[in-house]
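Take any residue in the sequence shown, count from 1 to its spot, add 91: that is its number in my numbering.
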Amino acid sequence: MQTTGVTQPPMIAEAVVRIGEVLDPARRRDFYHAVYPGLVRYHCWLYRERDPDDTGLVALVHSWESGMDNTPTWMELTRRAAPIPLKLIRRLNGDSALDALRRDNKEVPAGQRLSATDLFTLYHLVGELRDARYDFRRIRASRVPLVQDVAFNAILARANDHLRDISTEIGEKLPDQLLRSARRTRAAFATLFADGMYWSRDARSGKLIRRPTIAGFLALYAGVVPPSGVEDLVTRMTAQRFWPTHGIASTPTDDPDFQPRCYWQGPVWVNMNWLLADGLDRAGRGELAELLRTDTISMIAGAEGLYEYYSPFDGAGVGSNHFSWTAALLLDLLDGRRPTHHMPSARKVLDGEHLSRRDG
């Protein structure tokens, strides 16, 4: 069977719970019993293979595992690991020479995807992972970037909570080691916090990667932000550099690598807005969560398409159209709402014309 050695953010437990919510109690318990063993094995694998030092934070071996392929956080380390020929091509602005070898830009303009040198560097790193047979001990000895990604670990922290709730409902007990690891994960977020923001960490150097991106706000989704820190983090997230017009930009507009239509270097992603709205609800900011949901619905309606991502300035749809998770999450966001073009813009609301930030 063909498979892959890289993973993705651990959203499975979230999906299981969402499905369980619409089932009657008997069917829900049957469903939970069926999926529980696999969920436990997956969470145990993440800690065993990617956190062998029991720090509570799992390390990722490729930017694809973060789900945010080319955010500045990841590209800063990925470009250092590029082979010399690709570094030379990048220095000579020779990306266009490599574009003909790509398959991902045939239906989407190249400017809406990561650069050719970045893409081929990621392919090169997959080769290094294969050479190491995806053995974490051997990967540690290579030049592959290792990152304790703040977004991935935030999703894992929330997934651990879901897994605990599932186990309680069906009368199962989670393995003691997994429970200890889950507690460490929540506690470890304090080590990722500095200067009012949560950051990813370079697992090799131990240093925080202080490039602000949307990833740091997922601490709200994880429920790990202490009450005293919510106000400051929400203020940062709702500032114009992150929320210019249509939801949360993946990279702030004043970042030197910001590009409003390029993948994870600036565009708004519906899945991130969905997660952050959930996080705002958890943090007691229900009115602001509702604003983000309504703003996202209006953005999709205005673009007249289920796009992969959207410009944070004008809401234009970019990337692929008919994108499945945009469609699925729109259905969830609607939930009895009706899209409208006549609501006040979210930016005006955030600037205090209709709602004060402190109340929101």
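From the three backbone atoms N, C-alpha and C, an ideal C-beta is built for every residue, glycine too.
Bear in mind the structure is a predicted one, so any value in this text is a computation, not a measurement.
Residue burial classification, residue i (beta-carbon count within 10 angstroms, cutoff 16)
i	result
P116	exposed
D240	buried
G202	exposed
P100	buried
D386	buried
W136	exposed
E444	Note on E444: pLDDT 43, under 50, position unreliable in the model; the coordinate value appears next. It counts as exposed.
I112	Inspection of the sequence shows that residue 112 is occupied by Glu rather than by Ile. E112 should be labelled exposed.
D369	buried
G218	exposed
R181	buried
I43	One cannot answer for residue 43 here, as it falls past the ends of the chain, which runs 92 to 451.
S296	exposed
G406	buried
Alpha-carbon spacing of residue i relative to residue j, whole angstroms
i	j	result
V440	D142	42 Å
G185	L371	43 Å
E381	G129	34 Å
D222	L425	46 Å
A104	W334	29 Å
G314	V325	13 Å
M363	I339	8 Å
D160	A310	19 Å
N89	L216	The question about residue 89 has no answer here: the residues shown for the chain are numbered 92 through 451.
R234	L220	10 Å
E399	G410	5 Å
V149	R109	25 Å
Q356	T164	10 Å
R448	M328	Here the model assigns R448 a pLDDT of 42, short of 50, so the residue's position is not dependable, and the following value carries that caveat. Their backbone Cα atoms lie some 11 Å apart in a straight line.
D226	W155	17 Å
R132	R373	28 Å
S415	R231	35 Å
S272	R229	23 Å
R332	R249	27 Å
L205	D190	11 Å
K197	A394	22 Å
I305	W360	10 Å
P266	F308	30 Å
Run of the alpha helix (DSSP H) containing residue i, from where it starts to where it stops
i	result
R292	Run containing R292: none in the alpha helix (DSSP H); it sits in the beta strand (DSSP E), 291-293.
L213	207-222
M328	318-329
Y457	Past the boundaries of the shown model lies residue 457; the chain is included only from 92 to 451, so the question cannot be answered.
P128	116-141
I261	Taken as a continuous stretch (DSSP letters only), I261 belongs to no alpha helix (DSSP H), as it is neither H nor E.
V113	V113 -> no alpha helix (DSSP H), and no H or E assigned at all.
D190	186-190
S233	Segment: none, S233 is in no alpha helix (DSSP H) and carries neither H nor E.
Y312	310-313
R170	163-171
S389	377-394
D423	415-425
R181	175-182
A437	437-441
Per DSSP, cross-strand counterpart(s) of residue i
i	result
Y401	V359, G408
Q239	R292
L151	V238
I300	S291
F284	Y289
A340	V359
Short CB-CB distance (under 8 Å) between residue i and chain C
i	result
G129	Among the chains in the structure shown there is no chain C, since it carries only a single protein chain.
Residue i CB to nearest heavy atom of the ligand ADP below 7 Å
i	result
L397	The model depicted lacks the ligand ADP and carries no ligand whatsoever.
| said: Check whether the segment 242-257 and the segment 276-286 are in contact - that is, three or more C-beta pairs closer than 8 Å. | reply: yes
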